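*Asks:* Counting from 1, position 169 in the sequence shown corresponds to residue 169 in full-length UniProt numbering; the numbering is continuous, with no gaps.
Where a beta carbon is used, it is the ideal one built from N, C-alpha and C, also for glycine.
None of these values were measured; they are calculated from a predicted model.
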Amino acid sequence: MKLKHSSKNNGLTLIEALIWFAIFAAVVAGIFALYSNARNASNSSTVNKELSTIFSQTEQLFASEDTKDLDKALALKMGVFPKSVKVSSSGVISNVFGGTIEITGQTPSGFTVTYTGVPSGEVCSNIVRAQKAVGWDTVEGKALATYDSTYSISQVGSVCGDNGGEVTDLVFIRLGSNT
Numbered sequence: 001m002k003l004k005h006s007s008k009n010n011g012l013t014l015i016e017a018l019i020w021f022a023i024f025a026a027v028v029a030g031i032f033a034l035y036s037n038a039r040n041a042s043n044s045s046t047v048n049k050e051l052s053t054i055f056s057q058t059e060q061l062f063a064s065e066d067t068k069d070l071d072k073a074l075a076l077k078m079g080v081f082p083k084s085v086k087v088s089s090s091g092v093i094s095n096v097f098g099g100t101i102e103i104t105g106q107t108p109s110g111f112t113v114t115y116t117g118v119p120s121g122e123v124c125s126n127i128v129r130a131q132k133a134v135g136w137d138t139v140e141g142k143a144l145a146t147y148d149s150t151y152s153i154s155q156v157g158s159v160c161g162d163n164g165g166e167v168t169d170l171v172f173i174r175l176g177s178n179t
């Protein structure tokens, strides 16, 4: 019995396999980049909503009161923080970036809110720019920016620094509302 041997090879050559692998890797990298951008935008939006809520709740609760006793524990009791923040059993308040949120009062009616672990660069600048409309007086990160007639986008760049995996702590300051 004679067997027929085909001279045609069925299958992929090494070059073809490498080309398919490169195409697959490029698609995965593109999907990851889109996911990362969407996640950063979502996290920035969440922080902006949280900061706006904290600001307005604090302003409302202390409209005619001294904020000297304001701290994290009192703010939690008074409902200053939105429900989206995570509070541990030990009272640590976490933000979406894995950092913490702190609040402190300053006599007579000022207060500060600190977000730690905020990604530098684009994420930070989205937050700082959006908070200008809320009513904060200043924000401090890698530098200080004042939300007044001297405010400029270059200040935002100084506050936030460059993209590249670093994090910064943002301190939003309200000097006083009932003075």
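Tell me whether Gly91 is buried or exposed, calling it buried when 16 or more other Cβ atoms sit within 10 Å of its Cβ.
*Replies:* On the sequence shown, residue 91 is found 91 positions in, with the first residue counted as 1. Burial call: exposed.
*Asks:* Hey, which unbroken runs of the beta strand (DSSP E) at 3 residues or more fall wholly within the UniProt domain "Type 4 secretion system PilS N-terminal" (42 to 166)?
*Replies:* The qualifying runs are 101 to 106, 110 to 119, 138 to 140 and 144 to 146.
*Asks:* Would you report the Cα separation of Gly79 and Ala38, rounded to the nearest angstrom?
*Replies:* Here the question's residue 79 lines up with position 79 in the sequence shown. Here the question's residue 38 lines up with position 38 in the sequence shown. Ala38 has its alpha-carbon roughly 30 Å from the corresponding atom of Gly79.
*Asks:* By how many angstroms is the C-alpha of Ile19 removed from the C-alpha of Ala25?
*Replies:* As a working mapping, residue 25 is identified with position 25 in the sequence shown. As a working mapping, residue 19 is identified with position 19 in the sequence shown. Using only the alpha carbons, I get a separation of about 10 Å.
*Asks:* Take Asp69 as the anchor and find which of Thr112, Val159, Asp148 and Thr146 has the nearest alpha-carbon.
*Replies:* Counting from one through the sequence shown, the residue named residue 69 turns up at place 69. Checked all of Thr112, Val159, Asp148 and Thr146; the closest Cα to Asp69 is Thr112.
*Asks:* Please report the straight-line C-alpha distance between Asn28 and Asn163, rounded to a whole angstrom.
*Replies:* As a working mapping, residue 28 is identified with position 28 in the sequence shown. As a working mapping, residue 163 is identified with position 163 in the sequence shown. Looking at the sequence itself, residue 28 is Val, so the reference to Asn does not match. If I take the Cα positions, the gap works out to 22 Å.
*Asks:* Check whether the Cβ of Phe21 lies closer than 8 Å to any Cβ atom in chain B.
*Replies:* Any reference to chain B falls outside this structure, which holds one protein chain only.
*Asks:* In the DSSP output, what is Arg174 paired with across the bridge?
*Replies:* Here the question's residue 174 lines up with position 174 in the sequence shown. In DSSP, Arg174 forms a bridge with Phe111.
*Asks:* Considering only the alpha carbon of each residue, which of Ser154, Phe81, Pro82 and Pro119 lies closest to Gly98?
*Replies:* Taking the first residue of the sequence shown as 1, we reach residue 98 at position 98. Checking every option, the nearest Cα to that of Gly98 belongs to Pro119.
*Asks:* Could you tell me the distance, in whole angstroms, from the CA atom of Ser89 to the CA atom of Ala17?
*Replies:* Stepping through the sequence shown from its first residue, residue 89 is reached at position 89. Stepping through the sequence shown from its first residue, residue 17 is reached at position 17. Cα to Cα, Ser89 sits roughly 53 Å from Ala17.
*Asks:* Would you mind sorting Leu51 into buried or exposed? The rule is 16 or more other CB atoms within 10 Å of its CB.
*Replies:* Here residue 51 refers to the residue found at position 51 when the sequence shown is read from its first residue. Buried, by the Cβ-count rule.
*Asks:* Please go through the same chain and pick out, in chain order, the residues whose beta-carbon is closer than 7 Å to the beta-carbon of Thr46, but skip the five residues on each side of it.
*Replies:* Here residue 46 corresponds to residue number 46 of the sequence shown, with the count starting at 1. Same-chain partners within the cutoff: Ser84 and Val96.
*Asks:* Name the one or two DSSP bridge partners that Thr168 has.
*Replies:* Here residue 168 is taken as the residue at index 168 of the sequence shown, counted from 1. Thr168 is bridged to Val118.
*Asks:* State the DSSP-derived secondary structure class of Leu18, mapped to helix, strand or coil.
*Replies:* Within the sequence shown, numbered from 1, the residue matching residue 18 stands at position 18. In the structure shown, Leu18 sits in a helix (DSSP, three-state: H, G or I).
*Asks:* Have a look at Pro108 and Gly165 and give me their C-alpha separation to the nearest angstrom.
*Replies:* Mapped onto the sequence shown, residue 108 falls at position 108. Mapped onto the sequence shown, residue 165 falls at position 165. One C-alpha to the other measures close to 38 Å.
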